[in-house]
Amino acid sequence: MAPCCDVGMHVTVVGGGLTGALAALYLASRGYVVDVYEARADPRHAAPAAAASPSALRDAALRKAADASRRSINLALSTRGLRALGRVGLAERALEMAVPMHGRVIHDKRGKLRLQPYGAAAHEVLYSVSRVGMNIMLLDELEQRRNVRLHFGCKCVALREDGSATFEKAAGGVVEVEAGRLLGCDGAFSAVRALMGRVTRLSVSLEYIDSGYKELAMPAGKDGKHAMPPHGLHIWSSGELMLIALPNNDGSFTCTLFGPFRTLESVRTAEEVLRFFETHFPDAVGLMPDLTSDYINNPIGALSTVRCSPWNFNQMLLLGDAAHGVVPFYGQGMNCGFEDCIELDDALEATGHDWAAALPIFAAERKQATDALADLALDNYIEMRDKTVDRLFLLKCRVHAVLHALLGSSYWQPSLHTAVSFTTMPYHVARSVCERQDRILARAALVGAGLVASAALWVARRPSLR
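Here the sequence shown is numbered in the UniProt record's numbering, starting from 1 and rising by one per residue.
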């Protein structure tokens, strides 16, 4: 990426997580002077000083940072995210820390495993990556840029119409930022979004679903290898419950249990935890030595969808979860935030870096895509939990795959999952294309059923030969 803006143009980025760090990197690559303010501590300094080696320091930092936030340390990196990282030269580095996942590994109650590949093509693979590891990679890259300054432990507490802002420092004191361009990339519970709502008419909806989640761990085996086949996303489904496991490159899996709050809250003692898992996920129990302590000590997390409008006001803009938080069931939260960065960069390029012109265009076009993703992510919870073992659904998937093989991607997508995860068509376009395909199949099925019924009626009515 070549610098193309006037030297010295300044941008304040609030939030140094995944989207904020990548957005800052894009802007820095275009020549902007960027200040990044993050409310939390620097995750790269989370390791204890007595750690034995550089790799141990990094692993300890990852564990401590993940424990502090109680958020999944795994994310699924797909085509959209890789494209965004590739534009700033980081795709290969991201893949070096990733574990490829070729499909869903479905567990039944008898412990039998069945692989459902994500796609027919070799490149149709998801990559399990560490949330904190990705963040550290981006922060390390930012720190190499002379036109970027990182400020940790700085919480945004005031925001004015001209883009000037006030930050409280964890160590005491405040930082005043002058008027100018500002990106709010500070997550689903965005302080910037709340403060923008005080200076403009900002509509926000935060919708929780009835299910919550528990984070659990499956360590590496005694030989340091994965306890299950590593190159897949493991899924156990049991009624309203779903357990998933994503592989880490240290031989462990990070597991997440999803279920109704009332169910998760009703399991309280070690005996109840074991009985619960032996009933619903029996083959996982022996692979999780810390299951009871993890379950009892880890909180139940809530899952929500964030929608807001408008995303922009004057020279301020919301990005990532601050603008469009989604539930995690499509594995697109990080990828969507990264794609925000590439779309914003394109909008700025198209308008000659005229922020007043670029921001409304970007926000209007991007919002319809992210609204579609929010709906798709909610729908995919049902697919992952219930339909991965549904024979009619699996038959429909096979029909789509056959039609794709016959017609090619230009005329037929093999699945909605493929269109979302392995193409860069806007989310709302992917949904529209696949809904049209489903309508075609439904009409074909009706015609076929009609022909079969007509044939059966004709056979029944024709005179018998004697």
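From the three backbone atoms N, C-alpha and C, an ideal C-beta is built for every residue, glycine too.
Keep in mind the model is a prediction, meaning the values are calculated, not measured.
Whole-Å CB distance - residue i paired with residue j, under 8 Å assumed
{"i": "E161", "j": "N314", "result": "6 Å"}
{"i": "L90", "j": "M137", "result": "7 Å"}
{"i": "T424", "j": "R83", "result": "6 Å"}
{"i": "Q332", "j": "A377", "result": "7 Å"}
{"i": "residue 468", "j": "L183", "result": "Past the edges of the chain, shown from 1 to 466, lies residue 468, and the structure says nothing about it."}
{"i": "V192", "j": "A322", "result": "6 Å"}
{"i": "E143", "j": "V157", "result": "So it is not a contact: roughly 25 Å between Cβ atoms."}
{"i": "C422", "j": "N380", "result": "With the sequence shown as reference, residue 422 is identified as Phe, and Cys is not the correct amino acid for it. Contact doesn't hold; Cβ gap of about 15 Å is too wide."}
{"i": "V177", "j": "A165", "result": "5 Å"}
{"i": "L139", "j": "L77", "result": "Not a contact, Cβ separation roughly 17 Å."}
Outcome for residue i when other beta-carbon atoms lying within 10 angstroms are tallied against a minimum of 16
{"i": "R30", "result": "buried"}
{"i": "E343", "result": "buried"}
{"i": "A350", "result": "exposed"}
{"i": "Y248", "result": "First, the residue type needs correcting, since residue 248 is Asn and not Tyr in the sequence shown. With 16 or more Cβ atoms within 10 Å of its Cβ, N248 is classed as buried."}
{"i": "G16", "result": "buried"}
{"i": "L264", "result": "buried"}
{"i": "N335", "result": "buried"}
{"i": "L22", "result": "buried"}
{"i": "D345", "result": "buried"}
{"i": "K112", "result": "exposed"}
{"i": "P117", "result": "exposed"}
{"i": "P299", "result": "exposed"}
{"i": "P43", "result": "buried"}
{"i": "R431", "result": "buried"}
{"i": "N135", "result": "buried"}
{"i": "K214", "result": "buried"}
{"i": "S266", "result": "exposed"}
{"i": "N297", "result": "exposed"}
{"i": "R466", "result": "Confidence is the limiting factor: at R466 the pLDDT is only 44, short of 50, which leaves the residue's position unreliable, though a coordinate-based value still follows. With fewer than 16 other Cβ atoms within 10 Å, it is exposed."}
{"i": "L115", "result": "exposed"}
{"i": "D354", "result": "exposed"}
{"i": "G221", "result": "exposed"}
{"i": "T254", "result": "buried"}
{"i": "P48", "result": "Reliability fails at P48, whose pLDDT of 41 lies under 50, so the model's placement of it is uncertain and no value is given."}
{"i": "V204", "result": "exposed"}
{"i": "V174", "result": "exposed"}
Beta carbon of residue i nearer than 9 Å to that of residue j
{"i": "G337", "j": "L319", "result": "yes"}
{"i": "S293", "j": "G259", "result": "no"}
{"i": "M9", "j": "V36", "result": "no"}
{"i": "H324", "j": "A374", "result": "yes"}
{"i": "V429", "j": "A369", "result": "yes"}
{"i": "residue 537", "j": "K225", "result": "No answer is possible for residue 537: it lies beyond the span of the chain, which begins at 1 and ends at 466."}
{"i": "L25", "j": "R145", "result": "yes"}
{"i": "H45", "j": "I235", "result": "no"}
{"i": "L202", "j": "V306", "result": "no"}
{"i": "L303", "j": "I382", "result": "no"}
{"i": "G153", "j": "A179", "result": "no"}
{"i": "R385", "j": "S237", "result": "yes"}
Span of the beta strand (DSSP E) around residue i
{"i": "P260", "result": "253 to 260"}
{"i": "P100", "result": "99 to 101"}
{"i": "A158", "result": "154 to 159"}
{"i": "G301", "result": "301 to 309"}
{"i": "H234", "result": "233 to 238"}
{"i": "F329", "result": "Per DSSP, F329 belongs to no beta strand (DSSP E) and is neither H nor E."}
{"i": "D318", "result": "According to the sequence shown, residue 318 is Leu rather than Asp. Unbroken beta strand (DSSP E) run through L318: 316 to 318."}
{"i": "Y37", "result": "33 to 38"}
{"i": "A21", "result": "It is not in any beta strand (DSSP E) - A21 instead sits in the alpha helix (DSSP H) that spans 18 to 29."}
{"i": "E178", "result": "E178 -> no beta strand (DSSP E), and no H or E assigned at all."}
{"i": "T166", "result": "165 to 169"}
{"i": "T12", "result": "10 to 14"}
{"i": "Q413", "result": "Element bounds for Q413: n/a, residue is neither H nor E."}
{"i": "M242", "result": "241 to 247"}
{"i": "R114", "result": "113 to 117"}
Endpoints, the alpha helix (DSSP H) within which residue i is located
{"i": "Y295", "result": "291 to 297"}
{"i": "N74", "result": "That residue, N74, is in no alpha helix (DSSP H); its beta strand (DSSP E) goes 74 to 77."}
{"i": "S282", "result": "Looking at the sequence itself, residue 282 is Pro, so the reference to Ser does not match. Here the alpha helix (DSSP H) through P282 covers 282 to 285."}
{"i": "E124", "result": "Note, E124: premise wrong, no alpha helix (DSSP H); not H, not E."}
{"i": "A191", "result": "191 to 199"}
{"i": "V420", "result": "416 to 421"}
{"i": "G133", "result": "131 to 143"}
{"i": "G221", "result": "Looking at the DSSP string, G221 is not in any alpha helix (DSSP H), and its letter there is neither H nor E."}
{"i": "L202", "result": "Careful: L202 lies outside any alpha helix (DSSP H) and carries neither H nor E."}
{"i": "R93", "result": "91 to 96"}
Original post:
Does the pairing of the region 220 to 238 with the region 86 to 103 give three or more beta-carbon distances under 8 Å?
Top reply: yes
**OP:** Inspect the CB distances between the region 277 to 286 and the region 236 to 247 and report whether three or more fall short of 8 Å.
**Re:** They touch, by the three-pair rule.
Original post:
If we count Cβ pairs, one from each stretch, closer than 8 Å, do we get three or more for the region 279 to 291 versus the region 187 to 194?
Top reply: no
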